[in-house]
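With the sequence shown counted from 1, adding 1 to any position gets you the numbering used here.
Note that CB positions come from ideal geometry on N, CA and C, so glycine has one too.
These numbers were taken from a predicted model, which means no experiment stands behind them.
The next block holds one structure in the form of structure tokens; read it before the comments.
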Amino acid sequence: MIINEYFHYSYDPIRAELATSRGKRLLFLSIGNLATFGGEIKDEAPTVIEPNTLWVEPIKGLRGHGIGERLVRALVVESKKIGVESINGHIESEYSLDIVKRVFGEQAVKFFHDTPDGTIDEYPEQFAELPISFQQARQSLVRAGSEEYALDHRSFGFDIEVDISKPHIN
């Protein structure tokens with residue numbers, strides 16, 4: 002059974018690397034070549050990390066075993082070590098939003114309008130927080146996903162902000 006062949010990877014160690022390039026620091030996390038996550042910290046906003054795509058190999062049986070959640074938790078731990086206080090990113094998948102809920106709880110997430118570059122604008126006061134509940138956001142992603150022609154090229158979602166300086170991580 003395939004699941005038994007790959008399930009042990011959910012316990013493999015996470016490798017964390019920090020690199021500097023062109024005025025930003027890049028944090029890269031991986032579990033072998035089966036799962037990756039990370040983000041960038043710009044010099045002009047050294048307490049904010051903007052995560053990139055959370056990716057888990059689409060091998061049958063590998064997803065759904067907490068690998069993505071482990072990478073999100075590792076991102077928080079490694080980010081705090083270098084002075085990051087906030088995660089500002091973009092969510093397009095209800096599954097990613099479910100991970101955010103398990104790690105931070107529903108109340109810790111603030112939703113913002115989707116910005117053209119996929120991150121919260123440098124001047125967040127120009128973008129009001131959306132008056133939307135966690136469940137409403139999730140339902141919106143489910144509806145949008147069912148209408149999307151090519152899920153690999155999604156063009157919907159929400160910008161989010163999570164304050165990781167507070168001890169609310171589940």
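Next on the checklist: Let me make sure I understand the geometry here. Which of Y96, H114, K25 and K167 has the alpha-carbon closest to that of F157?
Outcome noted: Taking the first residue of the sequence shown as 1, we reach residue 157 at position 156. The shortest Cα separation from F157 among Y96, H114, K25 and K167 belongs to H114.
Item to check | Cβ contact (3+ pairs, closer than 8 Å) linking the region 69-76 and the region 30-47 | outcome: yes
Next on the checklist: Between which residues of its own chain and D13 is the CB-CB distance below 7 Å, once the five residues before and five after are set aside?
Outcome noted: Within the sequence shown, residue 13 is the residue found at index 12, counting from 1. Answer for D13: I32 and G33, listed in chain order.
Next on the checklist: Taking the beta carbon of L98 as the centre, do at least 16 other beta carbons fall within 10 Å, making it buried, or is it exposed?
Outcome noted: Position 97 of the sequence shown holds residue 98. Buried: at least 16 other Cβ atoms inside 10 Å.
Checklist entry - What's the call for R139, buried or exposed, on a 16-neighbour Cβ count within 10 Å? => result As a working mapping, residue 139 is identified with position 138 in the sequence shown. Buried, by the Cβ-count rule.
Checklist entry - Anyone know if the C-beta pair for V73 and I100 falls short of 8 Å? => result Here the question's residue 73 lines up with position 72 in the sequence shown. Here the question's residue 100 lines up with position 99 in the sequence shown. Contact flag set, yes.
Checklist entry - At which residues does the beta strand (DSSP E) containing K111 begin and terminate? => result Locating residue 111 in the sequence shown gives position 110, where the first residue counts as 1. Its beta strand (DSSP E) spans residues V110 to F113.
Item to check | Close Cβ partners of R16 (< 6 Å) along its chain, the five nearest in sequence each way excluded | outcome: Locating residue 16 in the sequence shown gives position 15, counting from the first residue. Excluding residues within five positions, the ones whose Cβ falls inside 6 Å are S31.
Checklist entry - Going by Cα to Cα distance, which pick from R64, P47 and Q136 is closest to L55? => result Position 54 of the sequence shown holds residue 55. L55 has its Cα closest to that of R64, out of R64, P47 and Q136.
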